[in-house]
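*Asks:*
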Amino acid sequence: MDRSLKRRLEASLSSQLIAPIRQRHDQTEIRIGPGDVTDVLSTLHDSVDLRFEILADLAGVDTGEHMQVVYHLWSETSPDWLRVIVDGLSRDDPRCPSATFLWTGAEWLEREAYDMFGIIFEGNRDLRRIFMPPDYTSFPLRKDFYLPDDAARSPGEGVRHVERPYAPAVVADDPSAGIRRAPAS
Amino acid sequence: MPTRPARTSSRPKTPRPPEQSRSQDDPRIMLDREVTSDLYEPVPPYPTQTEREAEFYTRGDGEMFLNVGPHHPATHGVLRLVLKLSGEQVVDVDPVLGYLHRGVEKICENSDYYHVIDHVDPLEYVSSLFQEWAAVLAFEQLMDVEVPPRAEYIRVLSGELLRIASHTLFMGFLALDLGGLTPILYSFIERDEIVEMLAALTGARMLFNYFRIGGVNGDLNHEFMSRLGDWMSRAAKQTEANTGLLNQNEIFVRRARGVGVMNREMALRFGVTGGNVRASGIPFDVRRAHPYSVYPQLDFNVPTRTEGDALARYLIRMDEVRESIRIIDQCLDNMPDGPVMAKLPRLLRPHPGRAWGAVEGPRGMLGVYAISDGSDQPFRFRIHDPSFMNLEVVPHLLPGNLLADTMAIVSSLDPIMGGIDK
Chain A
43 MDRSLKRRLE ASLSSQLIAP IRQRHDQTEI RIGPGDVTDV LSTLHDSVDL
93 RFEILADLAG VDTGEHMQVV YHLWSETSPD WLRVIVDGLS RDDPRCPSAT
143 FLWTGAEWLE REAYDMFGII FEGNRDLRRI FMPPDYTSFP LRKDFYLPDD
193 AARSPGEGVR HVERPYAPAV VADDPSAGIR RAPAS
Chain B
50 MPTRPARTSS RPKTPRPPEQ SRSQDDPRIM LDREVTSDLY EPVPPYPTQT
100 EREAEFYTRG DGEMFLNVGP HHPATHGVLR LVLKLSGEQV VDVDPVLGYL
150 HRGVEKICEN SDYYHVIDHV DPLEYVSSLF QEWAAVLAFE QLMDVEVPPR
200 AEYIRVLSGE LLRIASHTLF MGFLALDLGG LTPILYSFIE RDEIVEMLAA
250 LTGARMLFNY FRIGGVNGDL NHEFMSRLGD WMSRAAKQTE ANTGLLNQNE
300 IFVRRARGVG VMNREMALRF GVTGGNVRAS GIPFDVRRAH PYSVYPQLDF
350 NVPTRTEGDA LARYLIRMDE VRESIRIIDQ CLDNMPDGPV MAKLPRLLRP
400 HPGRAWGAVE GPRGMLGVYA ISDGSDQPFR FRIHDPSFMN LEVVPHLLPG
450 NLLADTMAIV SSLDPIMGGI DK
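Protein chains in written order, with our numbering: chain A, 43 to 227; chain B, 50 to 471.
(1) In chain order, what residues of the region 256 to 278 of chain B put their CB closer than 8 Å to some CB of chain A?
(2) Looking only at its chain, what residues have a beta carbon closer than 7 Å to the beta carbon of asparagine 159/B, apart from the 5 residues adjacent to it on each side?
(3) What did DSSP end up calling serine 421/B once you bin it into helix, strand or coil?
(4) Residue ranges of each alpha helix (DSSP H) run of no fewer than 4 residues wholly in the region 61 to 99 of chain A, ordered along the chain?
(5) Taking only the alpha-carbon atoms, compute the straight-line gap between lysine 48/A and tryptophan 405/B and give it to the nearest angstrom.
(6) Output needed in chain order: residues of the region 63 to 79 of chain A with a Cβ under 8 Å from some Cβ in chain B.
(7) In whole angstroms, give me the CA-to-CA distance for leucine 186/B and leucine 97/A.
(8) Hey, which unbroken runs of the beta strand (DSSP E) at 3 residues or more fall wholly within the region 372 to 455 of chain B?
(9) Are valine 389/B and glycine 208/B closer than 9 Å when you measure CB to CB?
(10) Would you mind telling me which residues of chain B sit closer than 7 Å to valine 112/A, beta carbon to beta carbon, in chain order?
(11) Over the uninterrupted alpha helix (DSSP H) stretch that includes glutamine 190/B, give me the two end residues.
(12) With 9 Å set as the bound, which would you pick, yes or no: does the beta-carbon of histidine 120/B sit closer than that to a beta-carbon of chain A?
(13) For the region 390 to 404 of chain B and the region 343 to 352 of chain B, state whether three or more C-beta atom pairs, one from each stretch, are separated by less than 8 Å.
(14) Per DSSP, what kind of secondary structure is threonine 251/B in: helix, strand or coil?
(15) Could you tell me whether the region 433 to 446 of chain B touches the region 203 to 223 of chain B, where touching means 3 or more Cβ pairs closer than 8 Å?
(16) Between the alpha carbons of threonine 105/A and isoleucine 127/A, how many angstroms are there, rounded?
(17) I'd like to check one pair, glutamate 95/A with serine 117/A: are the Cβ atoms closer than 9 Å?
(18) Taking just the CA atoms, how far does glycine 320/B sit from phenylalanine 222/B?
(19) Using DSSP bridges, identify the partner residues of glycine 264/B.
(20) Three-state secondary structure (DSSP) at tryptophan 116/A?
(21) Out of curiosity, what's the CA-to-CA distance linking leucine 294/B and threonine 288/B?
(22) Helix, strand or coil, according to DSSP, for methionine 281/B in the structure here?
(23) Check whether the Cβ atoms of arginine 125/A and methionine 158/A lie closer than 9 Å to each other.
(24) If you run the structure through DSSP and keep just helix, strand and coil, what is serine 132/A?
(25) Terminal residues of the continuous beta strand (DSSP E) containing aspartate 141/B?
(26) Does valine 127/B have its Cβ less than 9 Å from a Cβ in chain A?
(27) Taking the beta carbon of isoleucine 172/A as the centre, do at least 16 other beta carbons fall within 10 Å, making it buried, or is it exposed?
(28) Taking alanine 249/B and arginine 276/B to be in contact with their CB atoms under 8 Å, please state how far apart those CB atoms are, rounded to whole angstroms.
(29) How would you write the range of the alpha helix (DSSP H) that isoleucine 331/B sits in, first residue to last?
(30) Is it a yes or a no for the region 212 to 227 of chain B touching the region 417 to 426 of chain B, going by three-plus beta-carbon pairs under 8 Å?
(31) Find out if the Cβ-Cβ distance for the pair glycine 324/B, glycine 413/B is shorter than 9 Å.
(32) List the DSSP bridge partners of tryptophan 123/A.
(33) Give a yes or no on whether 9 Å exceeds the smallest Cβ distance from aspartate 99/A to chain B.
(34) Report the residue ranges of all beta strand (DSSP E) runs contained in full by the region 125 to 184 of chain A; include only those spanning at least 3 residues, in chain order.
(35) Along chain A, in chain order, which residues have C-beta atoms closer than 8 Å to that of tyrosine 95/B?
(36) Quick test of the definition: if touching needs 3 or more C-beta pairs under 8 Å, does the region 159 to 179 of chain B touch the region 134 to 146 of chain B?
Here is the structure:
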């Protein structure tokens, strides 16, 4: 735990934090709203006493109530990993500013988060699917997307699609199966 | 002479349905008459979705598209690169991923904490211990498990062995992509010895499933130690001999030098890690930048270079092999006694929380972000793969180079498609 990092973060970001800074093991965690992403990331990247220059990871998270975008950053000024949680994105139309203005490499990470969660990153010039085929319509890592054959505690329990070769179309079209459609853009 | 009875089948033959009706009913089979010429016409075969995609698929004067892959011996897996060429020169590249996508994250979120370890194994299949390591590191933080020191040393020992195996294989494949056939034979000899050694330790040659939450599965045994001793007695000399095959090869050096130069700023902006970023002059090695396990107690250097070209990326990895041999020596000297597993319940239900574990694999930083909701399955299991980030640079390194250098550049970044496509 890096106490001095906590002080520095509170000094430079105090108005933008929507929850207290949390520290556990070797990680420091801050929470911000989607409106402050650009400002906060720029401050973390450019501020002389922070200098978080390496984007370690960008992940989408579906909590079941709303969406999150989680950044992990590394800086030589601190022995801790910094976790920035962008909280409170609406599940029906999740939108978040893109981080590509600081890290060009975030482009593919954002494409992956879009592919898996449907989070739309505003400002990313190449936001299309990356793993799934371009005509695919669901977002597989959302919590209301159930694995049809292998999920122990889902409504899909006991349904083994591999044994029913002609059924997948029916499963995919049935709204009760809980598979979400892509929002019309 | 007795007559031989006619051969008869004991089972009555079941009548097969006529071919015609089968293929017509089956929506998965496309009949010949349905395949028309316009199926192949548009590039790409759907309306372009983004600004960048539209720009890429607009063909300028004298330009042509060339598909490399998905099945191409030099793409290290099933990667498809759509190249836009002007003569011999690459103008632009659009990598197409997803041919190996298995949804490992979703599978892990639907299996319990112990099972996650064998689901993440096949991601980086030439160095699978490191992906296991990242996962157990995150889980141990979720559960506040303290790993016995002997287990930590065994983890470092087996990990560094596998790093050498992976780098040796990289050397062979890089040379193979540049047209040299010999080094791959030597690197497989070397890799085979290490893999046999690890098979004696873990029970498997490739997908080890060896690390456990709170330790490792099984202590060091006699066969492993005797094989390791044999190998270590000549490892340094053998490594020099193998690298000498390429370092002094004029064709290889002239083809790799100055090709695919990635400068410092570019490496930072793209989130490149591993040997690729250290070849560009940034000493970012998770073992030193953010120490885990017993690495703070070990003495080793982080080699860096400033050229940032394909040759530098190759030389960095060869330097790392020497450092790994040093680490293995120290592990054997300092190996403590004691248990190799912490005491843990059969069913793991960590308290709700979040954890991020990152380790330095042969290709760069492997990370795992795990969220627990208090149940016996991870609520969210995010895998960060270094090859994914390293491959992202390819569209920015290739333009301006010749088609023949494409494979030198892609291969020098050392991507493994199993990890990229997850």
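Ideal placement from N, C-alpha and C gives every residue a C-beta, glycine not left out.
*Replies:* In short, the structure shows the following:
(1) none
(2) Gln426
(3) strand
(4) 79 to 88
(5) 18 Å
(6) Arg66, His67, Asp68, Gln69 and Glu71
(7) 20 Å
(8) 402 to 410, 413 to 421 and 427 to 433
(9) no
(10) Tyr418
(11) 177 to 192
(12) no
(13) no
(14) helix
(15) no
(16) 12 Å
(17) yes
(18) 24 Å
(19) Arg261/B and Met390/B
(20) strand
(21) 10 Å
(22) helix
(23) no
(24) coil
(25) 138 to 145
(26) no
(27) buried
(28) 6 Å
(29) Neither: isoleucine 331/B is in no alpha helix (DSSP H) and is coded neither H nor E.
(30) no
(31) yes
(32) Gln69/A
(33) yes
(34) 137 to 139 and 162 to 164
(35) Pro176 and Asp177
(36) no
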